[in-house]
Structure formats: structure tokens, C-alpha cells
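All the letters of the sequence shown, read from the start, carry residue numbers 1 to 134 under full-length UniProt numbering.
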Amino acid sequence: MSDTATLIADYYAAFNRGDVEGMLALLSDDVAHDVNESGREPGRAAFKNFMARMNHCYRENLTDIVVMVSADGARAAAEFIVNGTYLSTDAGLPEARGQTYKLPGGAFFTVKEGKIARVTNYYNLQEWLRQVQA
């Protein structure tokens, strides 16, 4: 496994453990986090705040993770299944009642000097809404 593939696998292993500090240790100080259907949040502090909100509102576990890496190791992509529970109402979204959801997701990464310098997450928000409103 390449260094980049190991880095991304470690990132998702930390995510699945709920280990935010472990995730942060894999990010560059100036990481660019592109939030699904939203804006770019720069820096580790913003990422930590994002994860605090996510962990308050959602419990998620990723399965079927496949990591793909460019030949030079500078970019990577991952595809996975998000298995989640909507725990607490997130601003601007439907009321949380403990609904469960399962949907495909993906992410793109830029890697610099052995750290994740960009992570861009994607999932189908309309499908998520359909599942939690059912």
C-alpha cells in the first residue's frame, strides 16, 4: 500500500473510531475542507469545529471503503457507504428523531508533505433528505 493510501485509510479508521484528534493529526495546519454542498472551511480549527457539530448531530460509520491514489501520490479519492443515525437536529435540516440512513459517499484529497491538505466530501443530499423524512 502506498504512503498516500495508508494516510487515507488511517483517516477513515480514525473517523470510524470517533477519534477526531487522530483525524486532525493527519491534516495539514492549513487544510482546505470542502463541505458537501457548502463552502470551503480552511484550517484545522475549522475542521475540529465541523467534526464537533457532526458528532453532536450524527453517528456515522463508513463501510466498503475503496481508496484510489494518483501515480505521484499527491491526490486520492475514496468511495464508501455511509451508515448513519440522525441524532440531533442540524441547522436548516429536518427534525432529528433518531432516523437511520444509508447512502453512498465519496471524497477527494490533496496530499502534501505526508499530510492531507484538502478533503472534499460528496454525498447525495436529496437522497439523505428522502431517507430521514420517510
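Glycine included, every Cβ here is placed at the ideal spot set by N, Cα and C. Note that the coordinates shown come from a computational prediction; the quantities given were computed from them, not determined experimentally.
query, result
"Give me the Cβ distance between GLY106 and SER2, rounded to the nearest whole Å; I'm assuming they're in contact under 8 Å.", "About 19 Å separates the two Cβ atoms, so there is no contact after all."
"Figure out for me which residue from SER38, ARG53, VAL66, CYS57 has the closest Cα to the Cα of ILE8.", "VAL66"
"Secondary structure at MET68, three-state DSSP: helix, strand or coil?", "strand"
"Classify GLY18 as buried or exposed, calling it buried when 16 or more other Cβ atoms lie within 10 Å of its own Cβ.", "exposed"
"Is DSSP giving GLU127 helix, strand or coil here?", "helix"
"May I ask you to list the residues that DSSP assigns as paired with PRO42?", "ALA32"
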